[in-house]
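Under our numbering, the first residue of the sequence shown is numbered 114, with each subsequent residue one higher.
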Amino acid sequence: FENTPTEDEEHSLGLINIIQNLPASGFEKLCKRLLTEIGINEIAITGGSGDQGIDGKGIVKLNDVVSLNIVFQCKRYKETVSPHHVRDFRGAMQGRGEKGLIITTGRFTKEAKAEANRDGVTPIELIDGDRLVELFEKYHLGLKPVTVFEIDQDFFKSFS
């Protein structure tokens with residue numbers, strides 16, 4: 114019983130499995146939809162062959178005056194994302210965005226996380242598979258909330 118996944122783990126694994134089996138272009142479109150829900154504007158998918166390491170770009174409006182150009186990369190990975198992926202992406206984003214975002218269905222190594230937040234370089238936000246599931250739940254993307262009823266034994270005791 115110890116290795117039996119909980120209902121939450123089952124839907125998380127099921128969701129990640131579905132996403133991992135999307136075509137690359139489908140995953141990019143799905144990421145665009147998620148980023149739109151989060152509040153990023155003017156999102157354009159630039160992925161495909163010749164994308165030079167950038168799958169998309171958008172604008173985050175911080176207030177009425179200030180906005181940031183963001184660029185993102187979508188990685189449909191079962192394995193981990195390493196620090197060299199983060200470094201390569203940072204190189205690709207030079208001159209193209211003030212903020213970077215890497216979205217993966219997998220996980221980031223400890224070293225990749227450290228590289229993303231290294232002092233003196235453009236910071237890169239990381240969304241791994243677990244965070245992806247949390248965001249899909251928060252914005253109700255591809256998931257339907259279900260109400261489960263449980264019998265209240267105490268209620269019926271008063272009728273015995």
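Virtual Cβ for every residue (Gly too), placed ideally from N, Cα, C. Note that this is a predicted model, so its numbers are computed, not measured.
Extent of the continuous alpha helix (DSSP H) run through residue i
i: Ser138; result: 137–151
i: Leu245; result: 242–251
i: Val173; result: Premise fails: Val173 lies in the beta strand (DSSP E), 169–174, not in any alpha helix (DSSP H).
i: Glu228; result: 223–229
i: Pro196; result: 196–206
i: Phe269; result: 266–270
Classification of residue i by the beta-carbon crowding that lies within 10 angstroms, buried from 16 upward
i: Asp267; result: exposed
i: Gly213; result: buried
i: His197; result: exposed
i: Val259; result: exposed
i: Lys145; result: buried
i: Ile237; result: buried
i: Phe272; result: exposed
Distance between beta carbons of residue j and residue i, contact taken as under 8 Å
i: Gly171; j: Glu155; result: 6 Å
i: Ile167; j: Val184; result: 5 Å
i: Arg203; j: Thr235; result: 6 Å
i: Asn182; j: Glu150; result: About 19 Å; that fails the 8 Å criterion.
i: Phe221; j: Asp241; result: 6 Å
i: Leu239; j: Ile215; result: 6 Å
i: Leu175; j: Tyr252; result: At roughly 20 Å, the Cβ-Cβ gap does not stay under 8 Å, so Leu175 and Tyr252 are not in contact.
Sheet register partners of residue i (DSSP bridge)
i: Gly83; result: No answer is possible for residue 83: the residues shown for the chain start at 114 and end at 273.
i: Arg73; result: Nothing about residue 73 can be read from this structure; the chain reaches only from 114 to 273.
Euclidean distance between Cα positions of residue i and residue j
i: Gly255; j: Phe249; result: 7 Å
i: Leu128; j: Asp243; result: 10 Å
i: Val179; j: Val173; result: 9 Å
i: Glu247; j: Met206; result: 26 Å
i: Cys187; j: Glu263; result: 40 Å
i: Leu135; j: Gly233; result: 36 Å
i: Lys257; j: Ala227; result: 35 Å
i: Glu123; j: Asp201; result: 34 Å
Span of the beta strand (DSSP E), counted from its first residue to its last, around residue i
i: Ile156; result: 154–158
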